[in-house]
Amino acid sequence: MAGNASCKWDAGNGWMGAYRGQLQDGKPHGHGVLIDAADGDEYDGNFKAGKFHGRGRATYGHLDQYDGEWNDGNYHGHGVRTYDYGSSKYDGQIGRDTSELQSHHDLVCRLLLEKKKKKHNTHIPYIGIQALNQPLTK
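Read left to right, the sequence shown gives residues 553 to 690 (this note's numbering).
The following block contains the structure:
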């Protein structure tokens, strides 16, 4: 049975929080919005059997965003991934193997650190990328 509702939902890809939108058989299916309880990140788009699927936009804080196609909870197809209020972006095809996008994200992080080093005339070590959509770790 399909309908609109609100509930807590775990999308299975690190996103868990308040969902509002269409449900089918007790799972998000169709259009909806999921707001992550841990950090307030927001996904607004299509779901299929409880996972991000089809067209959708994920906003990570106020700095970063991905707007594009999803498949089974992952970036997949054409998408635009912006960083640092849109000052840098990747616009292109993304598959389950997001190595091209991760390489671009890695480069953007390096450039932003260089910009900060020059601005503050300090040494800030580059610590790398752990994984896409994950915080930097040492």
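Beta carbons are placed, not taken as given, at the ideal position from N, Cα and C, and that holds for glycine.
> From glycine 573 to serine 640, what does the alpha carbon distance come to, in whole angstroms?
Replying inline: What you label residue 573 is simply residue 21 of the sequence shown in a count that begins at 1. What you label residue 640 is simply residue 88 of the sequence shown in a count that begins at 1. About 31 Å.
> Considering only the beta carbon of each residue, do phenylalanine 599 and histidine 628 sit closer than 8 Å?
Replying inline: Against the sequence shown, residue 599 aligns to sequence position 47. Against the sequence shown, residue 628 aligns to sequence position 76. The answer is no: Cβ separation not under 8 Å.
>> Can you check which of these residues, Gly566, Asp591, Lys560 and Ala590, is closest to glycine 584 by C-alpha distance?
In response: Position 32 of the sequence shown, counting from 1, holds the residue named residue 584. Checked all of Gly566, Asp591, Lys560 and Ala590; the closest Cα to glycine 584 is Lys560.
>> Do leucine 575 and alanine 563 count as a contact pair if the criterion is CB distance below 8 Å?
In response: Translated into the one-based positions of the sequence shown, residue 563 becomes position 11. Translated into the one-based positions of the sequence shown, residue 575 becomes position 23. Not closer than 8 Å, so no.
> From glycine 602 to lysine 579, what does the alpha carbon distance come to, in whole angstroms?
Replying inline: Taking the sequence shown and counting its residues from 1, one reaches residue 602 at position 50. Taking the sequence shown and counting its residues from 1, one reaches residue 579 at position 27. Spanning the two alpha carbons is a distance of roughly 5 Å.
> Would you report the Cα separation of tyrosine 635 and tyrosine 642, rounded to the nearest angstrom?
Replying inline: Residue numbering aside, residue 635 sits at position 83 when the sequence shown is read from its first letter. Residue numbering aside, residue 642 sits at position 90 when the sequence shown is read from its first letter. Cα to Cα, tyrosine 635 sits roughly 9 Å from tyrosine 642.
>> Quick test of your reading: asparagine 565 and glycine 620, contact by CB under 8 Å. State the CB separation rounded to the nearest angstrom.
In response: For the purposes of this step, residue 565 is identified with residue 13 of the sequence shown, where counting begins at 1. For the purposes of this step, residue 620 is identified with residue 68 of the sequence shown, where counting begins at 1. About 15 Å separates the two Cβ atoms, so there is no contact after all.
> Taking Cβ positions, are arginine 741 and glycine 597 nearer each other than 8 Å?
Replying inline: A question about residue 741 goes unanswered here, because the residues of the chain that appear run from 553 up to 690.
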